[in-house]
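Here is the structure we will look at, set down as structure tokens.
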Amino acid sequence: MASADLRQELDCSVCLSIYIYPVMLRCGHNFCRVCIDRVLDKQKGSGGYSCPECREEFQDRPALHRNILLRNIAETFRSTQPDKEDSGVLCTQCIHTSVPAVKSCLLCEASLCDKHLRVHSKAPEHVLCDPTTSLENRKCSVHKKILEYYCTEDSACICVSCRLDGEHQGHKVETLDEASGKKKKKLRTFFQKLNTEREKTEKRVRSLEERRRKVQGNAAGVTERVSDLFRDLRRRLEDLEKRVLREISRQEEQLSHQLSDLIQKLEIKKAELSRKMDHIEEMCNLTDPLTVLQESDTGDLCDTEEGDEEDRDMINFSMMEGVWMWLESHTHYTRGYLI
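What the sequence shown shows, in this note's numbering, is residues 213 to 551, in sequence order.
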């Protein structure tokens with residue numbers, strides 16, 4: 213569908229075929245150069261000219277501007293279309309059989325096979341070219357003569373009449389072979405320049421691809437090393453966590469045992485103190501002075517054991533110091549990894 217739509221856009225509205233040397237009028241419509249020249253020739257003497265498509269009128273014969281972009285698109289599209297059996301150029305002299313032509317004569321406007329080419333006139337005015345069905349494109353649209361020269365000032369192919377008494381009179385002209393040779397030389401130079409630039413670009417692409425592969429390889433190596441590092445860190449941290457928890461449990465168990473012993477001693481001490489307090493209270497309640505004074509070992513009732521606070525501080529300090537000193541001795545390598 214897309215190909216059919218494109219083909220429709222590339223058809224000349226006069227000949228209904230794909231554009232050949234398309235030119236554009238001032239109104240913006242495009243036509244084959246030969247087709248629009250024929251139309252304008254017929255309109256000559258009618259008092260004005262008009263576009264065959266939109267009918268816009270022109271007081272003078274409109275200038276024809278080459279549409280190079282459209283020509284390139286048409287030629288590219290034409291080259292991509294599959295060849296048809298009847299698309300070849302046939303000899304116009306072989307009436308009863310279809311024989312492929314090898315040359316076309318611009319003067320005779322005929323295509324010739326090998327047999328008819330051998331008997332064809334060798335006169336200079338009989339210009340031969342590769343087989344073509346567009347013989348009219350090789351003739352001047354104004355004088356209907358063979359295009360033999362190239363006007364360098366107007367960049368147009370012209371006939372001898374255009375050169376001598378036409379609009380190109382006095383212009384610098386060259387033969388078609390000369391002009392074509394110069395253009396080919398420029399094209400070859402430009403081709404070489406483009407080829408050199410392409411080689412440089414390809415070399416640059418290869419260099420960048422090699423660099424990209426190195427970057428990817430380095431990134432893979434770094435990724436693997438970082439992954440190994442973090443796996444090792446996680447393993448070490450897990451191991452450290454287990455050992456710290458075990459140490460805390462051991463410290464807790466040891467200190468709990470010490471505290472239990474201390475609590476037991478303190479309970480005994482508390483009971484002794486309670487007993488002494490009861491005895492003292494009992495003595496204080498006596499009314500007989502002689503009994504109070506004669507009570508033996510009253511000094512022992514006021515004696516108390518010292519060092520309770522010291523024991524408690526020692527236990528607390530021992531617990532904190534033990535845990536933190538153990539952590540300090542087992543985490544130095546973890547700090548080294550993190551730094």
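For every residue, glycine included, the Cβ atom is placed at its ideal position computed from N, Cα and C.
Considering just the uninterrupted stretch of the alpha helix (DSSP H) at lysine 454, what are its terminal residues? 388-496
Which of helix, strand or coil DSSP assigns to cysteine 554: Outside the shown range of the chain (213 to 551) lies residue 554, about which nothing can therefore be said.
Taking DSSP's pairing of strands, which residues face isoleucine 230 in a bridge? Asp223
How is lysine 315 classed by DSSP in three states: helix, strand or coil? strand
Residue range of the unbroken alpha helix (DSSP H) whose run includes leucine 502: 501-506
State buried or exposed for valine 427, treating a residue as buried only when at least 16 other CB atoms are found within 10 Å of its CB. exposed
Using DSSP bridges, identify the partner residues of isoleucine 358. Lys351
Quick one: what's got a C-beta closer than 6 Å to glutamate 269's C-beta in the same chain, skipping five residues either side? Gly260, Ser262
Are the region 224-244 and the region 326-336 in contact at 8 Å, needing three or more beta carbon pairs? no
When we look at the beta-carbon of valine 417 and count the other beta-carbons within 10 Å, is it buried (16 or more) or exposed? exposed
Answer yes if the region 385-393 comes into contact with the region 361-371, meaning at least three C-beta pairs across the two stretches below 8 Å, and no otherwise. yes
Determine the extent of the beta strand (DSSP E) in which serine 323 is found, giving its start and end residues. 322-324
Tell me, which residues are paired with glutamate 268 by DSSP? None, per the DSSP bridge assignment.
Excluding the 5 residues flanking leucine 237 on each side, which residues of the same chain have their C-beta closer than 6 Å to its C-beta? Cys263, Pro274
Output the distance between the C-alpha atoms of valine 251 and phenylalanine 243, rounded to the nearest integer angstrom. 10 Å
Spatial neighbours of leucine 218 within its chain, please: C-beta separation below 7 Å, excluding the five flanking residues on both sides. Phe289
Would you identify the three-state DSSP class for cysteine 244, choosing helix, strand or coil? strand
Spatial distance of aspartate 298 from serine 323 (CA atoms): Because the pLDDT of aspartate 298 is 40, which lies under 50, any placement of that residue in the model is unreliable, and the question is left without a value.
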